[in-house]
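Chemist: Handing you a structure now.
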Amino acid sequence: MRIGSGVALRVPVRMVWVGLALCVALLAACVATLTVGRLGIALPDLPSALSGNATGVDSFVLDRLRGPRLTVAVAAGAAFGLSGALFQSVTRNPLGSPDVIGLGPGAGAGAALVALLFPDVPVALGALSGALAAMAVVYVSTGSGFRNPSRLVIAGIGVSAMATAFIQYIVYAIERDQATVLSSYLNGSLTARSWDDAATIGVVLLLCVPCAALLSRPLGLSEMGDTTAAALGARPERAFTSAVLLTIVLSAGAVTVAGPISFIALTAPQIVKRITRGSGPHLALSALSGALLLVLADLAAQNAPLFGKLPVGIWTMALGGAYLGYLLLREWRRGAL
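Residue 103 in numbering that gives the first Met the number 0 sits at position 104 of the sequence shown; the count goes up by one each step and never skips.
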């Protein structure tokens, strides 16, 4: 595309169409979430309800049940997708995920500890504390902070193993009622979300998205190699450290409000890469893809005829596990494994 007489502007047309398609699909999934099911709002009444004129049952469903749940699903899914894109760009590994650095298990361990020692404290607060503590241990264990992706992953695997063992002990030790609540959270759940939860993850996105946008160019240059990136004016180590910190904040925020939901961070960026067939981290598209995946998984969790009572995290594990198997099979056929 050319603007004026001498200014050329290259427009990635395929990425624009992919972005529009993801937005339309996400909008359709959101409408389905609000209208499908026994308590769904009638489709003709939805515009009026969204404009603030809902009454009776529709008002209760929109304000107390599905409205907060849907908002948290969109925002948490976007946070997971964005964090996955950042982490995969840093590690240059399509199978990379924030889960492998111990953030999810650390959050689970924090939630478990709160359930055991402080039953009156919100589980989400314990999850946030656990995630931050796990990242502090990883930071110290690498010996070089967050600058070395290989050490980061190795330290994260160790922290994950210890945190998982601790979680299993806590689940065994606490009372049955507490164990039920904790188990639901550890599987990843959007049940009984509130507008406070939506505000929490909204603030996280508001702070992190502009920072991630600033990292898009240096991360894209870094994919060509550190030497080339440095020659073009980027600072790879600074970009990597900043990206890891953003990954931690985004994942911790999402885990705090939705639990350690698996595979969204892994799957969303890879789906985008395969659709766009382009290089670069694709941060915005990965966020849209993550939001769409989590909303669809929650829609299935609420309405599937035989498995409608399962937490959304179990759905994402099943779908993500199948996709991971596809990726491994694809790499094996290419001779990369």
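For every residue, glycine included, the Cβ atom is placed at its ideal position computed from N, Cα and C.
#1: My output table needs one value for Met0: the three-state DSSP class, helix, strand or coil.
#2: In this structure, how does DSSP classify Pro148 when only helix, strand and coil are distinguished?
#3: For Asp119, which three-state DSSP category applies?
#4: How would you call Asp297, buried or exposed, if buried means at least 16 neighbouring beta carbons within 10 angstroms?
#5: Let's test the definition: count the other Cβ atoms within 10 Å of the Cβ of Phe117 and tell me whether it reaches 16, buried, or not, exposed.
#6: What are the start and end residues of the alpha helix (DSSP H) that includes Asp57?
#7: Can you check the stretch 58-134 for any alpha helix (DSSP H) of at least 4 residues that lies completely inside it and give the ranges in chain order?
#8: Given this structure, state the Cα-to-Cα distance separating Cys207 from Leu245, to the nearest angstrom.
#9: Does the stretch 251-269 touch the stretch 80-98, meaning 3 or more C-beta pairs lie closer than 8 Å?
#10: How many Å lie between Pro104 and Ala48 at the Cα?
#11: Given this structure, state the Cα-to-Cα distance separating Ala198 from Gly252, to the nearest angstrom.
#12: May I ask which residues mark the beginning and end of the alpha helix (DSSP H) holding Thr32?
#13: Taking Trp337 as the reference, give the member of Ser96, Leu33, Leu69, Ala27 with the closest Cα.
#14: To the nearest angstrom, how far is it from the Cα of Tyr325 to the Cα of Leu94?
#15: Where does Tyr322 sit, in a helix, a strand or coil, going by DSSP?
#16: Quick one: grab the DSSP three-state call for Glu174.
#17: Classify Phe239 as helix, strand or coil using the three-state DSSP reduction.
#18: Asn302 lies in the alpha helix (DSSP H); which residues open and close that run?
#19: In whole angstroms, what is the alpha-carbon distance linking Ser250 and Arg333?
#20: Can you tell me whether DSSP reads Gly279 as helix, strand or coil?
#21: Taking its Cβ as the centre, do 16 or more other Cβ atoms sit within 10 Å of Ala242, making it buried, or is it exposed?
#22: Given this structure, state the Cα-to-Cα distance separating Pro121 from Val202, to the nearest angstrom.
#23: Straight-line CA distance for Leu305 to Ala299?
#24: Quick check: does the Cβ of Ala27 come within less than 7 Å of any heavy atom belonging to the ligand ADP?
#25: Going by DSSP in three states, Val213 sits in which element: helix, strand or coil?
#26: In chain order, what are the residue ranges of uninterrupted alpha helix (DSSP H) at least 4 long that sit wholly in the stretch 244-280?
#27: Give the secondary structure of Arg332 by DSSP, where H, G and I count as helix, E and B as strand, and everything else as coil.
#28: Find the nearest neighbour of Val152 within the set Arg234, Asn92, Gly107, Ala53, judged by alpha-carbon distance.
#29: Assuming Ser188 contacts Pro310 under a Cβ cut-off of 8 Å, what Cβ separation, rounded to an integer in Å, is found between them?
#30: Name the residue from Thr315, Leu127, Ser128, Ala130 whose alpha carbon lies nearest to the alpha carbon of Ile260.
Modeler: Quick look at the numbers:
#1: Low per-residue confidence applies at Met0: pLDDT is 45, beneath 50, and the placement is therefore not dependable, though the value from the model is reported in the following sentence. Met0 falls in the coil class under three-state DSSP.
#2: DSSP places Pro148 in helix when its eight states are reduced to three.
#3: coil
#4: buried
#5: Flag for Phe117 reads exposed.
#6: Asp57 -> alpha helix (DSSP H) spans 55-59.
#7: Runs found: 65-90, 102-116.
#8: 7 Å
#9: Flag = yes, the stretch 80-98 and the stretch 251-269 touch.
#10: 39 Å
#11: Computed Cα separation, rounded: 11 Å.
#12: 12-34
#13: Here the chain has residues from 0 to 336 only, and residue 337 is not among them.
#14: 12 Å
#15: helix
#16: coil
#17: helix
#18: Its alpha helix (DSSP H) spans residues 282-302.
#19: 32 Å
#20: coil
#21: buried
#22: 19 Å
#23: 10 Å
#24: Within the structure as shown, the ligand ADP is missing, as the structure has no ligands at all.
#25: For the sequence presented, residue 213 should be read as Leu rather than Val. Leu213: helix per DSSP, three-state reduction.
#26: The qualifying runs are 263-275.
#27: helix
#28: Asn92
#29: 4 Å
#30: Per the Cα distances, Thr315.
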